[in-house]
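Numbering (this note's numbering), first residue to last: 2 to 228. Just so you know, even glycine gets a beta-carbon here, dropped at the ideal spot from N, CA and C.
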């Protein structure tokens, strides 16, 4: 395969990945779960707090929650965050209040996309260091260059030059306690999810949504949560 053929193949592969990604996202959005499974309350391991991305129901992380619960982690969801339409700061305050009200400690946050930004902000404002580690999946830590073209402010506020992104980039002290997990290519985050000072794990996957149920991603999250 020559260079031109390789570029054509990659383009077609990426188009298929985008189509599959949105098909997964739309199917999950039409059938969101409203009630957190009662079985998630059980577990002797460190607690896990799930935070989904912007416009996402918590049930986008259902498969991850089930996997971690089977590994012994009690799983928590902050209903006040809803579909994560608010600011990063507001989401972090809701998350911290939840941890404080339940006196949860040694917490692992597992978050997707914008949820990872909320998780990082939560760690930065947590006076008691209740969170041991953030495992962020496909998170635009430096913002997303694609966000500048979005038609709604909630998404445009995720562009690299947005004030809330710039403020979060400056919060470097917590980066050493963050694992950033991401695929090889993500149309939603063209500039990538690598975070300086964090543990960065690139998986041989394409897309932004569908990887949330991929076995390789699940294995990685389970291993990092147990670390």
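For residue i, which residues does DSSP report across the bridge?
i: residue 113; result: 138
i: residue 186; result: 207
i: residue 179; result: 135
i: residue 119; result: Per DSSP, none; premise fails for residue 119.
i: residue 108; result: 132
Around the Cβ of residue i, are there at least 16 other Cβ atoms within 10 angstroms (buried) or fewer (exposed)?
i: residue 2; result: Low local confidence applies: a pLDDT of 48 at residue 2 is under 50, so the model's placement there is unreliable, and no value is given.
i: residue 177; result: exposed
i: residue 1; result: Nothing about residue 1 can be read from this structure; the chain reaches only from 2 to 228.
i: residue 1; result: This structure does not reach residue 1, given that the chain is present from 2 up to 228, and the question cannot be answered.
i: residue 31; result: exposed
i: residue 129; result: exposed
i: residue 162; result: exposed
i: residue 81; result: exposed
i: residue 208; result: buried
i: residue 121; result: buried
Note the first and the last residue of the continuous alpha helix (DSSP H) segment covering residue i.
i: residue 68; result: 63-71
i: residue 1; result: Outside the shown range of the chain (2 to 228) lies residue 1, about which nothing can therefore be said.
i: residue 221; result: 216-227
i: residue 89; result: 89-102
i: residue 195; result: Per DSSP, residue 195 belongs to no alpha helix (DSSP H) and is neither H nor E.
Residue i and residue j: beta carbons closer than 9 angstroms?
i: residue 142; j: residue 60; result: no
i: residue 22; j: residue 188; result: yes
i: residue 100; j: residue 127; result: yes
i: residue 231; j: residue 53; result: Because the chain here runs from 2 to 228, residue 231 falls outside it and cannot be looked at.
i: residue 179; j: residue 137; result: yes
i: residue 145; j: residue 159; result: yes
i: residue 222; j: residue 71; result: no
i: residue 111; j: residue 169; result: no
i: residue 219; j: residue 88; result: no
Alpha carbon to alpha carbon, what distance is there between residue j and residue i?
i: residue 47; j: residue 39; result: 17 angstroms
i: residue 44; j: residue 150; result: 43 angstroms
i: residue 225; j: residue 96; result: 21 angstroms
i: residue 86; j: residue 73; result: 31 angstroms
i: residue 203; j: residue 33; result: 28 angstroms
i: residue 55; j: residue 29; result: 14 angstroms
i: residue 14; j: residue 217; result: 19 angstroms
For the beta strand (DSSP E) holding residue i, just list the boundary residues, first then last.
i: residue 203; result: 200-207
i: residue 51; result: 49-52
i: residue 76; result: 76-78
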